[in-house]
Structures are given as structure tokens and as C-alpha cells.
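According to my numbering, the sequence shown is numbered sequentially starting from 68.
Ideal Cβ placement from N, Cα and C applies to all residues, glycine included.
For clarity, every value in this text was computed on a predicted model and none was experimentally measured.
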Amino acid sequence: IKTDHFIPLFGLSPKLGPIADWGLEIEKNAIKVDNSQNYQTNIPGIFAIGDVNTYPEKLKLILCGFHEATLMCQAAYRIINPDKKYILKYTTVSGIDGFDGSRKESPKAVVQSIT
């Protein structure tokens with residue numbers, strides 16, 4: 068995918084740096100996003116996820132960041148491919164290894180019904 072910028076950052080206290088001058092709507096040193104739709108900023112095509120964004124009832128938890136990333140990627144896909152149907156793909160496991168070396172398998176009927 069061709070982009071102008073892709074800026075992955077890691078940090079628990081975001082420092083916006085030059086991003087602060089892009090014309091993004093900023094609130095308390097965080098980028099405001101439309102979380103009800105797609106985590107897009109006030110500038111179309113610019114998204115913000117994770118600790119750098121803010122919206123009503125924002126929780127700064129890593130789990131929430133993963134959730135935001137998933138929804139944002141789906142929204143970006145729809146923008147990039149407006150005429151294609153989006154099909155959610157996921158992974159699952161058929162069994163789990165225990166700490167004692169044992170293995171518990173899911174019933175095959177369950178695995179087949181979700182794959």
C-alpha cells in the first residue's frame with residue numbers, strides 16, 4: 068500500500084513532536100478521533116490508535132489498543148478498497164498444551180464449525 072507516512076510508535080506517555088503541527092485536533096496532548104466509526108482524526112485518511120489518541124471514555128489499556136488497531140485496519144481497508152467486500156479472517160487453535168506437558172484437544176466438531 069502506498070502511503071505518505073506510517074508512524075508506528077511505542078510509548079506510554081506520547082510526545083506528539085512534529086505531528087502536533089499537522090492540523091490534527093488535539094486535546095490534552097492526545098489526538099482526538101472518531102472512535103464510534105474508525106479511529107480517524109479530523110483529517111480524512113489520518114488515523115490514530117493506542118495511547119496517542121483520545122475519545123470519550125478512553126481507557127489506556129493495551130487490550131484497548133489492540134481493539135482500536137483491528138477496527139482501524141478494517142476502516143482503512145474499506146477506504147482503500149471501496150468496491151471490495153471485506154471478509155473478516157481470524158485464527159484459532161485446536162488444542163492447548165498444559166504446564167504439565169498434557170494436551171487438551173477441542174472436539175473436532177467445534178473446530179470445524181468455526182473454521
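Taking 8 Å as the cut-off, the Cβ atoms of Phe114 and Met139 count as close. Take Thr121, set aside five residues on each side of it, and the residues of its chain with a beta-carbon closer than 8 Å to its own are Glu94, Lys95, Ala97, Ile98, Lys99 and Val100, in chain order. Our two residues, Cys131 and Gly117, have alpha carbons roughly 7 Å apart in a direct line. The three-state reading of DSSP puts Asp167 in coil, since its state is none of H, G, I, E or B.
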